[in-house]
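S.K.: Input: one structure, supplied below.
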Amino acid sequence: MKILVAIKRVVDFNVKVRVKADESAVDLANCKMSINPFCEIAVEEALRIKEQGKADEVVVVTIGPAAAQEQLRSALALGADRGIHVQTDDNLDSLHVAKVLQQVVNSESPQLVILGKQAIDSDNNQTGQMLAALCGWSQGTFASEVVFEGDKLQVTREVDGGLQTLALSLPAVVTSDLRLNEPRYATLPNIMKAKRKPIDVIEIESLGLSLESKVKTLKVSAPAVRQAGVKVADVDELINKLRNEAKVIS
Amino acid sequence: MDFNLNEDQRAFISTARQFSKQELAPNAAGWDKEHYFPKDVIQRAGELGFCGLYAPEKAGGLGLSRLDSSLIFEQLAMGCTTTTAMMTIHNMATWMVATWATEQIKQQWCDELISGQKLASYCLTEPGSGSDAASLSTTAVKQGETYILNGSKVFISGAGETELLVVMARTGEAGPKGISAFAVPADIEGVIYGKAEEKMGWHAQPTRQITFENVAIPVANLLGQEGQGFTMAMKGLDGGRINIATCSIGTAQQALNTAVGYMQERKQFGKPLAAFQALQFKIADMTTELVAARQLTRMAAFKLDNNDVDATSYCAMAKRFATDVGFTVCNEALQIHGGYGYIQEYPLERYVRDVRVHQILEGTNEIMRLIIGRRALTEMAGELL
Ligand SMILES: Cc1cc2nc3c(=O)[nH]c(=O)nc-3n(C[C@H](O)[C@H](O)[C@H](O)COP(=O)(O)OP(=O)(O)OC[C@H]3O[C@@H](n4cnc5c(N)ncnc54)[C@H](O)[C@@H]3O)c2cc1C
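Protein chains in written order, with the numbering used here: chain A, 2 to 251; chain B, 85 to 469.
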């Protein structure tokens with residue numbers, strides 16, 4: 002069985018981002034970039050499934066600029082077998098990402114596609130669901146546990162009310178939540194070996210998709226600066242403020 | 085000339101930083117307080133490759149450059165100075181074994197040393213011979229197929245917790261040419277350990293005296309040839325000095341980051357400390373000197389990687405400068421914290437205690453000046469260095 006994992010190059014979660022002066026986007030100049038943490042969890046899960054003998058190949062795919070190869074190499078250093086780089090400098094809508102991935106699915110024929118539940122840059126949380134719909138496959142999103150049961154995949158999902166367990170028939174799309182696993186460290190020997198693993202580069206134009214954006218970013222602004230707190234004298238004053246100023250109780 | 089890191093180097097740094105943040109930094113204060121030697125964590129570091137960084141690939145090491153190794157150690161030192169320093173000493177001793185030991189000894193030891201399952205100490209200093217290392221008096225007398233070792237070593241890092249000792253001992257004439265190096269299993273008969281020294285810093289690793297009483301070691305445990313031991317010990321130290329310089333740089337960077345964070349938070353006279361120009365200037369100087377120290381250290385590593393004839397002088401300059409700058413930066417970062425800097429709840433006093441010894445060991449900074457001065461005073465030195 003082959004597993005395809007989609008990964009995204011995003012600004013590292015440790016970076017305190019700043020908005021560009023013209024409010025068009027986040028300023029990425031000199032920002033450290035990394036694999037989206039949820040995608041890294043997806044890679045780890047695929048590797049664990051392979052190590053259990055349930056899969057024989059883990060392929061990682063990314064859609065992004067030339068520099069995104071660095072994130073593919075990181076995934077290869079964690080243990081993925083080969084990479085696919087769909088090259089584009091454009092920022093794609095989730096639906097277009099899903100359509101590109103669908104083409105990769107068509108040519109690679111994996112039985113399982115694992116993605117992060119969302120990317121920490123735009124937090125859309127759409128691509129996995131859209132990909133499953135486009136392929137007509139079963140989907141298990143926000144996975145916190147993935148177990149093979151016979152020919153079914155049992156996916157425990159983190160939903161609002163608690164945990165929900167689904168049995169998916171393959172092929173399927175799974176998106177990872179934070180608690181699915183703790184990714185391993187890339188060992189130095191594996192970082193060196195990753196250099197010799199193959200990466201196929203596909204120019205996005207060669208896929209023949211119409212990728213005109215349907216989404217327009219009007220403005221990107223920084224969250225309001227937190228105001229200093231106030232001290233209240235007693236419980237009565239607190240209740241009064243909660244009721245009349247914050248209006249969080251009635 | 086390109087000062088940018090390449091993709092491999094960024095990947096190495098990323099793994100080292102992750103390990104440093106997750107496994108070292110959260111525990112460093114506790115290890116210091118408990119005087120706990122985290123051997124298990126060093127072994128885990130070994131699984132990632134950190135215990136045989138520049139040991140040759142032929143012997144199973146990663147064969148990385150000294151420059152790459154320095155980039156990695158710097159990240160590790162940001163998390164725990166003392167544990168990283170021990171790892172650097174282990175790397176140095178492992179490199180010596182992996183480079184000069186007989187096939188038999190390499191077979192027996194290299195895998196486990198490189199994976200960090202077993203650790204090595206470097207034994208040069210003696211009670212009567214510190215800076216003047218070539219005057220050492222521990223003897224190794226050949227008797228048939230064995231050498232009999234007698235004498236004592238002092239201030240040996242890791243001693244009592246390590247499995248292999250790289251020991252410099254006298255097999256011949258007085259002076260450097262009469263010295264040989266041996267790989268000595270740490271637990272054989274006649275190897276006697278003193279109590280752990282009570283030190284100013286470096287609490288997360290033991291420092292002990294070792295006495296050798298008629299210790300019999302097979303001739304196969306000789307590194308290289310008789311009489312080459314001092315040269316090997318000094319070659320080991322060239323790299324060791326880059327490593328110790330790096331431990332100071334990583335710690336100082338962490339101290340500087342902590343101070344910058346504190347200056348934004350702490351308010352006096354109605355303003356954050358960061359608003360006072362006197363402190364801004366202090367931060368500017370600390371940053372400038374730290375960057376200079378880092379670049380000099382990387383340059384020395386580059387010279388060593390390229391077998392530059394002046395590599396030893398550059399390693400000495402890097403060690404002298406980076407450990408002095410490292411101490412000053414840590415001390416200034418403590419000062420910026422006021423009284424809190426002196427309190428153990430904050431890491432600053434530990435940084436100061438830990439980096440202080442870097443100005444002393446692997447050749448004191450006075451001895452570094454001796455090496456540099458000797459070179460700088462040769463004819464035409466200005467055109468060569
Ligand atoms: C915590 C710790 C760990 C150590 N780990 C190890 C280890 O793992 N292995 C090991 O072999 N050693 C180790 N050492 C020993 C260390 O390398 C020595 O302490 C160091 O080389 C200095 O030697 P000494 O202490 O005998 O000082 P001395 O040589 O007695 O020097 C005393 C002072 O005189 C100065 N001085 C000496 N000669 C001259 C000169 N010609 N000109 C100007 N000034 C001079 C020195 O710089 C120093 O300031 C360790 C030491 C410490 C404190």
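We put the CB at the ideal spot given by N, CA and C, even for glycine. The model shown is predicted, which means the values in this text are computed figures rather than measured ones.
I'd like to confirm something about B/D216: is its beta-carbon nearer than 8 angstroms to some heavy atom of ligand 1, or not?
M.R.: Yes - ligand 1 has a heavy atom lying nearer than 8 angstroms to the Cβ of B/D216.
S.K.: According to the Cβ coordinates, are A/L96 and A/V114 closer than 9 angstroms?
M.R.: No, they are not a contact pair.
S.K.: Cβ atoms of A/R158 and A/L171: under 9 angstroms apart, would you say?
M.R.: No. Outside cutoff.
S.K.: Using the Cα positions of B/A265 and B/R404, report the straight-line distance between them to the nearest angstrom.
M.R.: Cα to Cα, the separation comes out at about 26 angstroms.
S.K.: Looking only at its own chain, which residues have a Cβ that is under 8 angstroms from the Cβ of A/V106, when we skip the five neighbours before and after it?
M.R.: The residues are L5, V114, L132 and C136.
S.K.: Near B/M274, what residues of its chain come up, given a Cβ to Cβ distance below 8 angstroms and the 5 sequence neighbours on each side ignored?
M.R.: Here residue 274 of chain B turns out to be Gly, not Met, going by the sequence shown. Once the five neighbours on either side are set aside, the close Cβ partners of B/G274 are L233, F296, E297, N298, V299 and A300.
S.K.: List the residues of chain D that B/T330 touches, going by C-beta distances under 9 angstroms, in chain order.
M.R.: Reference to chain D is not applicable here, since the protein chains of this structure are A and B.
S.K.: DSSP state of B/C135, grouped into three classes?
M.R.: Reduced to three states, the DSSP call for B/C135 is coil.
S.K.: Can you check whether the C-beta of A/T188 is within less than 9 angstroms of a C-beta belonging to chain B?
M.R.: A/T188 counts as touching chain B.
S.K.: Whose CA, out of A/S35, A/F39 and A/E213, lies closest to the CA of A/D124?
M.R.: Per the Cα distances, A/F39.
S.K.: Within the stretch 139 to 221 of chain A, note down every full alpha helix (DSSP H) run reaching 4 residues or more, in order along the chain.
M.R.: Whole alpha helix (DSSP H) segments, 4+ residues: 189 to 195.
S.K.: My understanding is that B/E336 touches B/T167, with C-beta atoms under 8 angstroms, so please give their C-beta distance in whole angstroms.
M.R.: Reading the sequence as shown, one finds Ala at residue 336 of chain B and not Glu. Contact flag wrong, Cβ pair sits at about 17 angstroms.
S.K.: Straight-line CA distance for A/D28 to A/T63?
M.R.: If you take the alpha carbons of A/D28 and A/T63, they lie about 22 angstroms apart.
S.K.: Between the stretch 130 to 144 of chain B and the stretch 110 to 121 of chain B, do three or more beta carbon pairs fall short of 8 angstroms?
M.R.: Short answer: they don't touch.
S.K.: Give a yes or no on whether 9 angstroms exceeds the smallest Cβ distance from A/R74 to chain B.
M.R.: For A/R74, the answer is yes, since a Cβ of chain B falls inside 9 angstroms of its Cβ.
S.K.: Taking just the CA atoms, how far does B/E373 sit from B/V413?
M.R.: Roughly 8 angstroms between the two C-alpha positions.
S.K.: Within the 9 angstroms Cβ cut-off, does B/E91 reach chain A?
M.R.: Output row for B/E91: interface = yes.
S.K.: Given the structure, does B/N327 come close to ligand 1, in the sense that its CB is under 8 angstroms from one of the ligand's heavy atoms?
M.R.: The answer is no for B/N327.
S.K.: Starting from B/K237 and walking both ways along the beta strand (DSSP E), at which residues does that stretch end?
M.R.: Its beta strand (DSSP E) spans residues T230 to S241.
S.K.: Can you name, in chain order, every residue of its own chain whose Cβ lies under 6 angstroms from the Cβ of A/Q127, other than the five neighbours on each side?
M.R.: Here the set comprises S95.
S.K.: I'd like to know whether the C-beta atoms of A/Q88 and A/M34 end up nearer to each other than 9 angstroms.
M.R.: Cβ distance not < 9 angstroms, so A/Q88 and A/M34 don't count as in contact.
S.K.: Nearest to A/Q155 by CA position, among A/D161, A/G141, A/G163 and A/R83, is which residue?
M.R.: Residue A/G141 is the option with its Cα nearest to A/Q155.
S.K.: When the cut-off is 9 angstroms and only beta carbons count, does B/S98 lie next to chain A?
M.R.: Closer than 9 angstroms: yes.
S.K.: Going along the chain, which residues of its own chain have a beta-carbon closer than 6 angstroms to the beta-carbon of A/G80, five neighbours each way excluded?
M.R.: For A/G80, where only same-chain residues beyond five positions count, the Cβ hits under 6 angstroms are L48.
S.K.: For a contact meaning CB atoms closer than 8 angstroms, what does B/G133 contact in chain A?
M.R.: Result: T188, L189 and P190.
S.K.: What number of angstroms, rounded off, separates the C-alpha of A/Q119 from the C-alpha of B/A317?
M.R.: Taking the straight line from one Cα to the other gives about 54 angstroms.
S.K.: If we define contact as Cβ-Cβ less than 9 angstroms, is A/M131 a contact residue for chain B?
M.R.: Chain B, which has no Cβ nearer than 9 angstroms to the Cβ of A/M131, makes this no.
S.K.: Just by C-beta distance, which residues in the stretch 55 to 81 of chain A are closer than 9 angstroms to chain B?
M.R.: Those would be Q70, E71, R74, S75 and A78, in chain order.
S.K.: At a cut-off of 8 angstroms, would you count B/S213 as near ligand 1, judging by its Cβ distance to the nearest heavy atom?
M.R.: At least one heavy atom of ligand 1 is nearer than 8 angstroms to the Cβ of B/S213, so yes.
S.K.: Is there contact here, the stretch 186 to 193 of chain B with the stretch 322 to 340 of chain B, by at least three beta-carbon pairs under 8 angstroms?
M.R.: The stretch 186 to 193 of chain B, when compared against the stretch 322 to 340 of chain B, does not touch it at the 8 angstroms Cβ threshold.
S.K.: Do we get a CB-CB distance below 9 angstroms when we pair B/Q361 with the residues of chain A?
M.R.: Output row for B/Q361: interface = no.
S.K.: Excluding five sequence neighbours on each side, which residues of the same chain lie with their C-beta closer than 8 angstroms to the C-beta of B/E210?
M.R.: Once the five neighbours on either side are set aside, the close Cβ partners of B/E210 are L220, S221, T222, G235, S236, K237 and V238.
S.K.: Tell me B/E72's beta-bridge partners as DSSP assigns them.
M.R.: Outside the shown range of chain B, which is 85 to 469, sits residue 72 of chain B, and nothing can be said about it.
S.K.: Hey, B/S153 and B/G323: beta-carbon distance below 9 angstroms or not?
M.R.: Closer than 9 angstroms, so yes.
S.K.: Output yes if chain A places a C-beta closer than 9 angstroms to the C-beta of B/A143; else output no.
M.R.: B/A143 does not count as touching chain A.
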